[in-house]
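Student:
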Amino acid sequence: MEMVRVVSWSKTDNIAMIVINNPPVNVLNKTVIEQLCLVTDEIESDSDIKVVVVTGAGEKAFVAGGDIKGFPEWIGKGVELAKQKSLWLQEALNKIEDLPQPTIAAINGIALGGGCELAMCCDIRIAEEQVEIGLPEIKLGLLPGAGGTQRLSRLIGKAKAKEMIFTGGALSAKAAKEMGLINHVVPKGKGVTEAMKLAERICHHSFPSLYFAKRSIDEGYEQSLKKGLLTEAENFGRVFQTRDVREGVNAFIQKRKPNFLDQ
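In terms of the working numbering, the sequence shown has 261 at position 33, counting the first letter as 1, and numbering is strictly consecutive.
(1) Measure the alpha-carbon distance for residue 319 versus residue 481 and round it to whole angstroms.
(2) Using the beta-carbon count (16 or more within 10 Å), is residue 284 buried or exposed?
(3) Beta-carbon within less than 7 angstroms of residue 292's beta-carbon, same chain only, minus the 5 sequence neighbours each way: which residues are those?
(4) Is it true that the CB of residue 268 sits closer than 8 angstroms to the CB of residue 193?
(5) Among 263, 420, 377, 471, which one has its Cα closest to the Cα of residue 281?
(6) Quickly, what does DSSP pair residue 360 with across the bridge? List them, please.
(7) Excluding sequence positions up to five away, which residues of its chain have a Cβ less than 6 angstroms from the Cβ of residue 376?
(8) Taking only three categories from DSSP, how would you classify residue 473?
(9) Please classify residue 372: is it buried, with 16 or more other beta-carbons within 10 angstroms of its beta-carbon, or exposed?
(10) Could you name the residues of the same chain whose beta carbon sits closer than 7 angstroms to that of residue 411, not counting the 5 residues immediately before and after it, in chain order?
(11) How many Å lie between residue 250 and residue 235 at the Cα?
(12) Thinking C-beta only, is residue 415 closer than 8 angstroms to residue 357?
(13) Could you check what DSSP says for residue 335 in three-state terms: helix, strand or coil?
(14) Reducing DSSP to helix, strand and coil, say where residue 290 ends up.
(15) If I follow the unbroken beta strand (DSSP E) through residue 243, where does it start and stop?
(16) Tell me the residue span of the beta strand (DSSP E) that contains residue 311.
(17) Flag this pair as touching only if the stretch 438–448 and the stretch 457–474 have three or more C-beta atom pairs under 8 angstroms; answer yes or no.
(18) Three-state secondary structure (DSSP) at residue 382?
(19) Could you say which of 245, 325, 260 lies nearest to residue 295 if we only look at CA atoms?
(20) Below 8 angstroms between beta carbons: does that hold for residue 492 and residue 381?
(21) Per DSSP, what kind of secondary structure is residue 278 in: helix, strand or coil?
(22) Go through the stretch 409–433 residue by residue and report every complete run of the alpha helix (DSSP H) that reaches 4 residues or more, in order.
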């Protein structure tokens, strides 16, 4: 029996787009998680890709959340079982976060629970104006288990994250932007278009510089300032060994546009 594709990806020039298509609301069920891992591995191994866009199919939801109908199987079976389920969910989303390419979430509909957690794995988040985003797990007697308690506090601060998680309330796109959870709010139906425009801007730059810049930010954020500055210096040293830095510097001196080779 042929596997039903609920997660697919396509490539336009140097941009990969991941689409989650699990009607009616793109729930993160077992099949989606498994295929998301496969797709992420395929993209990571494609040396032509410089930026990745993640979105949901349809107009209703980016990803509405996790597969709550499967949760009863995890109840009362011991701490270790539920812990392993959490780690399994986290692993799939970690793969998005750990991609070497810059990633952009094009949030085109509801992004609750697992959908919010998926969006937070991306480097940049663009939300359409009608979007609602949040972590409502507390309303089910749960807590976010796919990275929500950790990534949200790092994005918007501990106090604001606690209020969001403790109340389970959803934010409008505008409120999420004001809080720092969303980078840009765009009109309805324009999420993917604007994400692609931003991806194209990023693609103009050298991939090694993008890669080492992302590494510097992500690794340094978890370190002390002193250690983070050393991490930055190490990656600064690495990027100075690339062909593209020679091209970029020479192009500046010669007052022309650089022709980067991504090497």
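Note that CB positions come from ideal geometry on N, CA and C, so glycine has one too.
Tutor: From the atom records:
(1) Working through the sequence shown from its first residue, we reach residue 319 at position 91. Working through the sequence shown from its first residue, we reach residue 481 at position 253. Their Cα atoms are separated by approximately 45 angstroms.
(2) Residue 284 sits at position 56 when you count from the first residue of the sequence shown. Under the 10 Å beta carbon count, residue 284 is surrounded by 16 or more other beta carbons and is classified as buried.
(3) Locating residue 292 in the sequence shown gives position 64, counting from the first residue. Once the five neighbours on either side are set aside, the close Cβ partners of residue 292 are 253, 254, 255, 338, 340, 343.
(4) Summary: the structure shown does not reach residue 193, with the chain confined to residues 229 through 491, and so no result is reported for it.
(5) Mapped onto the sequence shown, residue 281 falls at position 53. Among 263, 420, 377, 471, the Cα nearest to that of residue 281 belongs to 420.
(6) What you label residue 360 is simply residue 132 of the sequence shown in a count that begins at 1. Answer is 400, bridged to residue 360.
(7) Looking up residue 376 in the sequence shown gives position 148. Correct list, in chain order: 345, 363.
(8) Here residue 473 corresponds to residue number 245 of the sequence shown, with the count starting at 1. DSSP places residue 473 in the helix class (H, G or I) of the three-state scheme.
(9) Within the sequence shown, residue 372 is the residue found at index 144, counting from 1. Counting Cβ neighbours within 10 Å, residue 372 comes out buried, since at least 16 surround it.
(10) On the sequence shown, position 183 is the one that residue 411 refers to. Excluding residues within five positions, the ones whose Cβ falls inside 7 angstroms are 352, 353, 354.
(11) Here the question's residue 250 lines up with position 22 in the sequence shown. Here the question's residue 235 lines up with position 7 in the sequence shown. About 8 angstroms.
(12) Here residue 357 corresponds to residue number 129 of the sequence shown, with the count starting at 1. Here residue 415 corresponds to residue number 187 of the sequence shown, with the count starting at 1. Cβ atoms of residue 357 and residue 415: closer than 8 angstroms.
(13) Counting from 1 along the sequence shown, the entry for residue 335 is found at position 107. Three-state DSSP puts residue 335 in a strand.
(14) Working through the sequence shown from its first residue, we reach residue 290 at position 62. Note: residue 290 maps to strand in three-state DSSP.
(15) Your numbering for residue 243 matches position 15 in the sequence shown. First-last of the beta strand (DSSP E) with residue 243: 243–248.
(16) One-based indexing of the sequence shown puts residue 311 at position 83. That residue, residue 311, is in no beta strand (DSSP E); its alpha helix (DSSP H) goes 307–325.
(17) At 8 angstroms Cβ cutoff, the stretches touch.
(18) Residue mapping note: residue 382 aligns to position 154 of the sequence shown, counting from 1. Reduced to three states, the DSSP call for residue 382 is helix.
(19) Here residue 295 refers to the residue found at position 67 when the sequence shown is read from its first residue. Closest by alpha carbon: 260.
(20) Outside the shown range of the chain, which is 229 to 491, sits residue 492, and nothing can be said about it.
(21) The count along the sequence shown starts at 1 and reaches residue 278 at position 50. Here DSSP, grouped into helix, strand and coil, assigns residue 278 to coil.
(22) Entirely contained in the stretch 409–433, the alpha helix (DSSP H) runs reaching 4 residues are, in chain order, 419–431.
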